[in-house]
Amino acid sequence: MGIAIASGAYAISFGAISTAAGLSLLQTCALSVLMFTGASQFAMVGVIGAGGSIWAGAATAALLGSRNALYGLRLSSLLNAGGWRRPAASHFVIDETTAMAIARDDPALSRFAFWTTGFALFTLWNLGTLVGALATHVVANPKLLGLDAAPPAAFLALLAPRLRAREPLAIALAAGLVAIAVLPFVPAGVPLLIVALLVSLFGWLRKPR
Amino acid sequence: MIWTGVIAASAACYGLKLAGLSLPQRWLQDARLQRTVPLIPVALLAALVATQTFSSGQHLVLDVRAAALGVAVIAVALRAPFLVVVVAAAGTAALLRLIEG
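Line by line, the protein sequences are chains A and B.
Residue numbering for the first sequence follows the numbering used here, beginning at 29 and increasing consecutively.
Residue numbering for the second sequence follows the numbering used here, beginning at 528 and increasing consecutively.
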């Protein structure tokens, strides 16, 4: 339950950042209903808010969503979701539901954890988005509230739990430096795609240890 | 235009989730794929932090957002909840702008 409340709070910041970035109330809520994967949603509105093209934002969102495919792989044997359940279950395959499902030893408990976490998060995530979007909808100048400083803090908070070893920390620092280095020479949003390409090449070509 | 992007990106994200539950297991169990995919969010999130803090359009800039990021780093190091990290950063930027006038 704690995880669902935390995500409601996290959704409030998404709603606020999204409308501050120039998306309409309906577009903001549509992202939470249809995309339903936090980091991708933040990235999409972050890129748009920073003046990047909608396509650079969409590509970054999709790249960040690639990890959900690996979650699906780990979940497919646990969930055993065939027929009509698979398209429904797919929508719920995100960080939190995966973590809750794989923490259980018994497949029946895993399934229960997956679905209850999924429904609770989906509800609170969308409610939180609406609250956050409504709150900034009425603010004339989001910069005065420091809302332009909110997205980097949100990305940092999403990144921090992934940095508990030396290698991801080194990759994060290198990625930040590369993005800054290429930024003046390419359109906004494109540094992210360059970084994604480079890290994929690095992961693909390096020798396993 | 924004709507097209919203729908397309949502469809792509859904497709990736569905693929994970549907594709043959051995495709996704490829060792290189397993090593590479988890690196993508680390690199992208770090690049987002850097570009959204130190740029305005295509220009590199150093402004109150850098101080706000500093506060966010401290909040994250203290394991503050998500909303606290975000509000602390936004509050720092707002306060500094107020002082700057």
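A virtual CB, placed ideally from N, CA and C, is assigned to each residue, including glycine.
Remember, predicted model here, so these are calculated numbers, not experimental data.
Partner residues on chain B for A:W112, Cβ-Cβ distance less than 7 Å
Those do not exist, as A:W112 stays about 13 Å from chain B at its closest Cβ, beyond 7 Å.
Quick one: is B:D557 buried, meaning 16 or more other Cβ sit within 10 Å of its Cβ, or exposed?
The residue is exposed, with fewer than 16 neighbouring Cβ atoms inside 10 Å.
For a cutoff of 8 Å on Cβ pairs, would you count A:V121 as touching chain B?
Yes, A:V121 lies at the interface with chain B (some Cβ there is under 8 Å from its Cβ).
Report the CB separation of B:V612 from B:A599 in whole angstroms; it is logged as a contact under 8 Å.
That belief holds up - the Cβ atoms of B:V612 and B:A599 are roughly 5 Å apart, short of 8 Å.
Listed by chain order, chain B residues near A:V223 by CB distance under 7 Å:
Neighbours of A:V223 on chain B, chain order: A570, L571 and A574.
Going by alpha carbons, who is nearest to B:A510 out of B:T619, B:A602, B:P608 and B:Q585?
The structure shown does not extend to residue 510 of chain B, since chain B spans only 528 to 628, so no value can be given for it.
Rounded separation between A:S81 and A:A71 - CA only
Going by the C-alpha atoms only, they are around 12 Å apart.
Residues that B:S583 bridges to, as DSSP identifies them:
B:H586, per the DSSP bridge assignment.
Is it buried or exposed, A:K235, if we count other Cβ atoms within 10 angstroms and call 16 or more buried?
Exposed is the call here.
Pick out the complete alpha helix (DSSP H) segments inside the segment 124-200 of chain A, 4 residues or longer, and give them in chain order.
Counting only runs of at least 4 residues, the segment 124-200 of chain A fully encloses the following alpha helix (DSSP H) elements, listed from N- to C-terminal order: 135-165 and 178-187.
Taking C-alpha atoms, which residue in A:D176, A:S118, A:A193 and A:I222 lies nearest to B:F581?
B:F581 has its Cα closest to that of A:D176, out of A:D176, A:S118, A:A193 and A:I222.
Decide if the segment 44-63 of chain A is in contact with the segment 207-224 of chain A; the criterion is three or more beta carbon pairs, one per stretch, under 8 Å apart.
Not touching, per the Cβ criterion.
Terminal residues of the alpha helix (DSSP H) in which A:I122 lies:
No alpha helix (DSSP H) contains A:I122, which DSSP labels as neither H nor E.
8 Å Cβ cutoff, B:I529 in contact with chain A
Yes - at least one Cβ of chain A is within 8 Å of the one on B:I529.
N- and C-terminal bounds of the alpha helix (DSSP H) containing A:Q3
In the structure as shown, chain A starts at 29 and stops at 237, and residue 3 of chain A therefore has no counterpart that could be examined.
Whole angstroms is fine: what's the gap from A:L103's alpha carbon to B:L555's?
When the Cα atoms are used, A:L103 and B:L555 turn out to be separated by approximately 12 Å.
Between which two residues does the alpha helix (DSSP H) harbouring B:T563 extend?
That run of the alpha helix (DSSP H) goes A558 to T563.
Less than 8 Å between CB atoms is the rule here; does A:T88 satisfy it with respect to chain B?
By the rule that beta-carbons nearer than 8 Å mark a contact, A:T88 touches chain B.
On a CA-only basis, which of A:A136, A:T88 and A:N108 is nearest A:Q69? Give me that one, please.
Nearest option by C-alpha distance: A:T88.
To the nearest whole angstrom, what separates the beta carbons of B:A621 and A:L172, a pair I think is in contact under 8 Å?
Separation of the CB atoms of B:A621 and A:L172 is rounded to 6 Å, and the pair is thereby assigned contact status at 8 Å.
Just to confirm, are A:A129 and A:L106 a CB contact at a threshold of 8 Å?
Yes, they are a contact pair.
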